[in-house]
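Trainee: Let me give you the structure first, and then I'll get to my questions.
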Amino acid sequence: MKILVTGGLGFIGSHTVVELQHQGFEVVVIDNLSNSSEDVLDGISAITGKEPIFENLDLRDKKKLNGFFEKYPDIRGVIHFAASKAVGESVEEPLLYYENNLGVLTYLLQELKQKGNGNFIFSSSCTVYGQADSMPITEAAPVKPAESPYGNTKQVGEEIIRDTCNVNPELKAIALRYFNPIGAHPSAKIGELPLGVPQNLVPYITQTAIGIREKLAVFGDDYPTPDGTCIRDYIHVVDVAKAHVIALQRLLEGNNATNYEVFNLGTGTGSSVLEVIKSFEKVSGKKLNYNIAPRREGDVIQAYADTKKANTVLGWKAESSLDEAMKSAWEWEQKVRS
Ligand code: WQD
2 MKILVTGGLG FIGSHTVVEL QHQGFEVVVI DNLSNSSEDV LDGISAITGK EPIFENLDLR
62 DKKKLNGFFE KYPDIRGVIH FAASKAVGES VEEPLLYYEN NLGVLTYLLQ ELKQKGNGNF
122 IFSSSCTVYG QADSMPITEA APVKPAESPY GNTKQVGEEI IRDTCNVNPE LKAIALRYFN
182 PIGAHPSAKI GELPLGVPQN LVPYITQTAI GIREKLAVFG DDYPTPDGTC IRDYIHVVDV
242 AKAHVIALQR LLEGNNATNY EVFNLGTGTG SSVLEVIKSF EKVSGKKLNY NIAPRREGDV
302 IQAYADTKKA NTVLGWKAES SLDEAMKSAW EWEQKVRS
């Protein structure tokens, strides 16, 4: 059974391709290599022994996208990762984000509508909650006005899918709201490859430890949290990948309750920045060079998931601990730099 994975050479995409292949799916990857490298295909096949079909295509090209679906009429499901995801860049370049994250989404949905069937998994984010009023955050928590165009594209993206599925019963979709995916495949053959200076905490930690960055700036230790630093729900990327396969199978088997469902993907445990640093130092045996810097604009104080819905309805639960995730991130960093 052929499954399309857009952005399948990216961080979460590549780990999901591996899990799909483990489950016997035939995978077709579309990626325009704007934030990934074709070498990731070798990493995937080194793990699974199978290389996915790869189409180097920009999804913003409607004609090419239509040609793709004509070439592969037997695509049975789509997992859509391809999107721009740098919060700061989205503030500078909103139109790029609205075209790439929302224009492309409408083209994909139009193709599925034309095909007359669609099992669609959407890469959403806990960013839709903004600073939630209470912890842990359930899927019923209100969506708050987005703090960035990036966050807005996740909110509006969910609405586009919901509204489309409401009037096209042949289309079924699940939006997965990631908390903070971190780490790498335990084989260290695929992992996170941030281009340029990492925006996210964990790659910045590992690049500091390996000597690429001089030191980590901790953005604020004066928050109303136990140790003063922000709290997040850091989840192993392989756990996130496995959830995508389970969600896809739910749609393929027609087990969905409604034709648009939303699930949080988190561990249910919040960890502060200092706790993540401590975890890294424990698993790596290295002392991390960091200092306390001013707060970063737009950071929420804390965000961690209520995972009951995904655990009970989806039948999925995160299995890896923060230490295991940090260990895999460190092993990947050392491998990439070796
Ligand atoms: C985590 C914590 C920072 C870097 C973002 C997106 C979200 C999702 C995940 C795509 C915060 C602190 C960070 C650093 C630091 N992306 N930090 N020094 O902001 O929770 O979420 O990435 O889906 O949508 O918003 O992740 O890793 O950037 O930050 O102190 O050099 O680490 O202040 O408290 P974030 P992050």
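If you use the working numbering, the sequence shown closes out at 339, no skipped numbers anywhere.
Every residue gets a Cβ at the ideal spot worked out from N, C-alpha and C, and that includes glycine.
Values in this document were obtained by computation on a predicted structure and should not be read as measured data.
Counting pairs of beta carbons, one from the stretch 261-280 and one from the stretch 234-243, are three or more of them closer than 8 Å?
Mentor: Result yes; three or more Cβ-Cβ pairs closer than 8 Å.
Trainee: Look up Gly158 in the DSSP assignment and say whether it is helix, strand or coil.
Mentor: It is helical.
Trainee: Kindly indicate the opening and closing residues of the alpha helix (DSSP H) around Tyr108.
Mentor: First-last of the alpha helix (DSSP H) with Tyr108: Val105 to Lys116.
Trainee: Check whether the stretch 290-301 and the stretch 213-220 are in contact - that is, three or more C-beta pairs closer than 8 Å.
Mentor: With a cut-off of 8 Å, the stretch 213-220 and the stretch 290-301 count as touching, because enough Cβ pairs lie within range.
Trainee: Could you tell me which residues DSSP puts in a beta bridge with Gly119?
Mentor: Answer is Leu172, bridged to Gly119.
Trainee: Should Ser339 be listed as close to the ligand WQD, given that the test is whether its C-beta is under 7 Å from any heavy atom?
Mentor: Because no heavy atom of the ligand WQD lies under 7 Å away, the Cβ of Ser339 does not count as near it: no.
Trainee: Is it the case that the stretch 278-288 contacts the stretch 246-261, given that we only count it when at least three CB pairs across the two stretches are under 8 Å?
Mentor: No: the two stretches stay apart, fewer than three of their Cβ pairs being nearer than 8 Å.
Trainee: For Ser339 and Val314, what's the separation of their Cα atoms in angstroms?
Mentor: Distance between the alpha carbons of Ser339 and Val314 is about 42 Å.
Trainee: How about Asp66 and Glu112: do their beta carbons lie closer than 8 Å?
Mentor: It should be noted that the sequence gives Leu, not Asp, for residue 66. Contact flag set, yes.
Trainee: Please look up how many angstroms separate the CB atoms of Ile138 and Tyr130, rounded, as I've assumed it's under 8 Å.
Mentor: 5 Å between Cβ atoms; contact.
Trainee: Using the C-alpha atoms, what's the distance from Gly221 back to Thr55?
Mentor: Checking the sequence, you will find Phe at residue 55 rather than Thr. So the alpha carbons of these two residues sit roughly 42 Å apart.
Trainee: Does Leu103 pass the burial test, meaning 16 or more other C-beta atoms within 10 Å, or should it be called exposed?
Mentor: By the neighbour-count rule (16 or more Cβ atoms within 10 Å), Leu103 is buried.
Trainee: Are three or more beta carbon pairs between the stretch 119-130 and the stretch 89-99 nearer than 8 Å?
Mentor: Short answer: they don't touch.
Trainee: Throw me the rounded Cβ distance for the Val260 and Ala174 pair, which I believe falls under 8 Å.
Mentor: The sequence as given places Asn at residue 260; Val does not occur at that position. The Cβ separation is near 7 Å, so the contact holds.
Trainee: By how many angstroms is the C-alpha of Leu323 removed from the C-alpha of Val277?
Mentor: Cα-Cα distance, rounded: 8 Å.
Trainee: For Ala258, does the count of other Cβ atoms within 10 angstroms reach 16, so buried, or fall short, so exposed?
Mentor: With fewer than 16 other Cβ atoms within 10 Å, it is exposed.
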